[in-house]
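To start, the structure under review is shown below, and the notes come after it.
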Amino acid sequence: TCKNPAQATHSRITTMSKDEETLIKDALSKEDVNEEVKEAKSEIDAAEDDDEGVTGDFEVTKEEMSIIRAELACEFPEDYTYLSDAYVKSVASKPYSKDPSIRRPIEYTMEKLTHVMEWREEAGAPEMETLIHLVNGSEYSDEAKENPEKLVKAKALAVSLNNASLYWHGFTKEGKPILWIRCGRKPWYPNVEAEVNALILIADAGIKCMPEGVTDFVVISDSNSPPPPVPSFLINVLKALVRGYPDRLNMLLTAPVGSIIQFVMNLLMPLMPGRLAGKFLLKDMDNAIEIMKDMLMNGEEDIPTFLGGTADHDEFYPDEYYAKNQGEGSLKFDYFGMIERLKEQAKIWEEKFGTKEE
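Numbered according to this note's numbering, the sequence shown spans residues 1 to 358.
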């Protein structure tokens with residue numbers, strides 16, 4: 001039988017140092033973690049579906065797709081194009097949880113998609129990219145002067161992006177974009193709201209660049225030298241993943257596994273829907289390298305230097321100290337270059353492996 005991913009890490013964990021033990025104790029003592037965990041559990045349980053993650057192959061007609069599209073456009077006129085036809089079809093084609101022999105009713109599909117779109121409204125997801133344009137321009141522009149609160153939010157977002165700890169680069173052999181997390185670049189005392197906003201912005205950018213027919217992504221995390229755990233940030237990220245990005249995560253690979261990562265997983269695992277927990281792979285470096293060789297579009301040559309390979313990500317996503325301002329504002333992270341590169345890499349994937357059928 002398969003072990004719980006968190007349990008499976010015990011044999012690979014080095015002894016916790018006194019410094020790490022102190023950091024974890026501090027993280028638990030600074031905030032009412034237990035109360036926050038209880039609230040998050042209730043919210044995640046309410047959002048979880050019995051059929052989440054189930055693969056379906058029922059037919060969805062063009063007429064039905066048109067009905068769904070029209071209703072989304074009516075309810076969410078400024079954001080409805082965020083959901084691709086492939087994603088809508090992947091949701092609509094699944095078996096119905098109350099009767100797996102039939103497809104989900106259109107009304108049920110609309111309810112699920114509406115929940116995602118409502119969460120996006122609550123989180124301010126549709127406006128995130130406008131913040132990037134604002135903070136990349138002059139703070140003396142008319143727009144900046146007329147929206148001082150928006151500028152403050154945009155500057156905080158830039159701070160969270162500028163360390164280049166989170167970015168898209170490359171694809172898997174199956175055409176799934178890869179989100180890289182570099183834990184060693186994460187701040188010790190983060191602005192939790194700004195960090196979550198950065199994750200939403202980056203996630204949406206990658207989803208928009210997916211090849212036709214692809215609906216999910218892969219995360220690879222370099223867990224060397226992670227900062228002290230911040231429970232409120234971790235919990236908010238998990239809530240965003242469950243409520244705002246259902247069925248979007250294909251797999252999260254993290255290596256190496258140390259005591260801080262173990263703490264993170266022990267905190268989050270009890271909150272996760274079962275199928276989501278099964279998508280987390282906690283590995284030592286040797287195993288992670290073998291997985292990446294098999295998974296990455298160009299195999300071993302796509303493994304980055306910070307995980308023992310030869311691909312130089314720092315050429316595009318340098319440490320903040322070496323990064324230059326992109327425009328007149330405070331944005332140093334090459335957000336727009338990331339999107340252009342991802343689009344080019346998507347074309348290369350399509351030429352090499354062919355477009356996936358929907």
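Yeah, the Cβ is synthetic: ideal placement off N, Cα and C, and Gly gets one too.
If you're wondering where the values come from, they're calculated on a predicted model, not measured in any experiment.
Can you tell which of E146, H169, W119 and A144 has its C-alpha closest to the C-alpha of I348? Residue 348 sits at position 348 when you count from the first residue of the sequence shown. For I348, the nearest C-alpha among the options comes from H169.
Which residues mark the beginning and the end of the beta strand (DSSP E) in which N250 is found? Within the sequence shown, numbered from 1, the residue matching residue 250 stands at position 250. It spans L249 to A255 - the beta strand (DSSP E) in which N250 sits, taken as one unbroken run.
Cα separation between M243 and L151? Locating residue 243 in the sequence shown gives position 243, counting from the first residue. Locating residue 151 in the sequence shown gives position 151, counting from the first residue. Contrary to the premise, residue 243 reads as Arg rather than Met in this sequence. One C-alpha to the other measures close to 27 Å.
Residues sharing a beta bridge with I220, DSSP: The residue you call residue 220 lines up with position 220 of the sequence shown. Note: I220 sits in a beta bridge opposite W180 and L253.
Would you mind sorting G175 into buried or exposed? The rule is 16 or more other CB atoms within 10 Å of its CB. Taking the sequence shown and counting its residues from 1, the one referred to as residue 175 is at position 175. Label assigned to G175: buried.
Please classify K62: is it buried, with 16 or more other beta-carbons within 10 angstroms of its beta-carbon, or exposed? Sequence index remark: in the sequence shown, residue 62 carries index 62 (1-based). Exposed, since its Cβ has fewer than 16 Cβ neighbours within 10 Å.
Which first and last residues belong to the beta strand (DSSP E) in which G170 is found? Within the sequence shown, residue 170 is the residue found at index 170, counting from 1. L166 to F171 is the extent of the beta strand (DSSP E) around G170.
So, under 8 Å CB-CB, R104 and A92 are touching, yes? Tell me the CB distance rounded to an integer number of Å. For this step, residue 104 is matched to residue 104 along the sequence shown. For this step, residue 92 is matched to residue 92 along the sequence shown. At roughly 6 Å, the Cβ-Cβ gap stays under 8 Å, so R104 and A92 are in contact.
Length of the line joining the Cα atoms of A346 and D204: Against the sequence shown, residue 346 aligns to sequence position 346. Against the sequence shown, residue 204 aligns to sequence position 204. In a straight line, the C-alpha of A346 is about 16 Å away from that of D204.
Alpha-carbon to alpha-carbon, I303 and I310: Reading the sequence shown from its first residue, position 310 is the one you call residue 310. Reading the sequence shown from its first residue, position 303 is the one you call residue 303. According to the sequence shown, residue 310 is Thr rather than Ile. So the alpha carbons of these two residues sit roughly 6 Å apart.
Could you spell out the range, first to last residue, of the beta strand (DSSP E) harbouring R103? The sequence position of residue 103 within the sequence shown is 103, counting from 1. From DSSP, the beta strand (DSSP E) with R103 extends over D99 to R103.
Span of the beta strand (DSSP E), counted from its first residue to its last, around F233: The residue you call residue 233 lines up with position 233 of the sequence shown. First-last for F233: P231 to G244, but that is the alpha helix (DSSP H), not the beta strand (DSSP E).
Helix, strand or coil at G354 [DSSP, three-state]: Taking the first residue of the sequence shown as 1, we reach residue 354 at position 354. G354 falls in the coil class under three-state DSSP.
Do you know whose CA, among E350, G137, A70 and E43, lies nearest E212's CA? Taking the sequence shown and counting its residues from 1, the one referred to as residue 212 is at position 212. It is E350 whose Cα lies nearest to the Cα of E212.
Return the CA-CA distance between D99 and E107, expressed in angstroms with no decimal places. What you label residue 99 is simply residue 99 of the sequence shown in a count that begins at 1. What you label residue 107 is simply residue 107 of the sequence shown in a count that begins at 1. Each residue's Cα considered, the two are about 15 Å apart.
Whole-angstrom distance between M110 and K239, CA atom to CA atom: The count along the sequence shown starts at 1 and reaches residue 239 at position 239. The count along the sequence shown starts at 1 and reaches residue 110 at position 110. If I take the Cα positions, the gap works out to 21 Å.
Does P228 come out as helix, strand or coil in the three-state DSSP assignment? For the purposes of this step, residue 228 is taken as residue 228 along the sequence shown, with counting starting at 1. Correct three-state label for P228: coil.
Helix, strand or coil for Y317, going by three-state DSSP, please let me know. As a first step, residue 317 is located in the sequence shown; it is residue number 317 there, counting from the start. Of the three classes helix, strand and coil, the one that applies to Y317 here is coil, per DSSP.
Element boundaries [alpha helix (DSSP H), containing L268]: Counting from one through the sequence shown, the residue named residue 268 turns up at place 268. Per DSSP, L268 belongs to the alpha helix (DSSP H) from S259 to L268.
Environment of T254 [buried if 16+ CB atoms lie within 10 Å]: As a working mapping, residue 254 is identified with position 254 in the sequence shown. Under this definition T254 is a buried residue.
Would A158 and V192 qualify as a contact pair, given that the criterion is a beta-carbon distance under 8 Å? In the sequence shown, the residue the question calls residue 158 occupies position 158. In the sequence shown, the residue the question calls residue 192 occupies position 192. No, Cβ-Cβ distance for A158 and V192 is not below 8 Å.
Cβ separation of T172 and M297, assumed to be a contact under 8 Å, to the nearest whole Å: By 1-based counting over the sequence shown, the position of residue 172 is 172. By 1-based counting over the sequence shown, the position of residue 297 is 297. Correct: roughly 6 Å between the Cβ atoms.
Kindly identify the DSSP beta-bridge partner or partners of L157. Against the sequence shown, residue 157 aligns to sequence position 157. Paired residues: none, contrary to the question.
Tell me whether P177 counts as near the ligand COA, meaning its Cβ is closer than 7 Å to at least one heavy atom of that ligand. This structure does not include the ligand COA; it has no bound ligands of any sort.
Beta-carbon separation of A164 and L131 under 8 Å? For the purposes of this step, residue 164 is identified with residue 164 of the sequence shown, where counting begins at 1. For the purposes of this step, residue 131 is identified with residue 131 of the sequence shown, where counting begins at 1. No; because the gap between Cβ atoms is not below 8 Å, this pair is not in contact.
For M128 and L201, which I take to be in contact (beta-carbon distance under 8 Å), what is that distance rounded to the nearest angstrom? By one-based count along the sequence shown, residue 128 stands at place 128. By one-based count along the sequence shown, residue 201 stands at place 201. That pair is a contact at about 4 Å.
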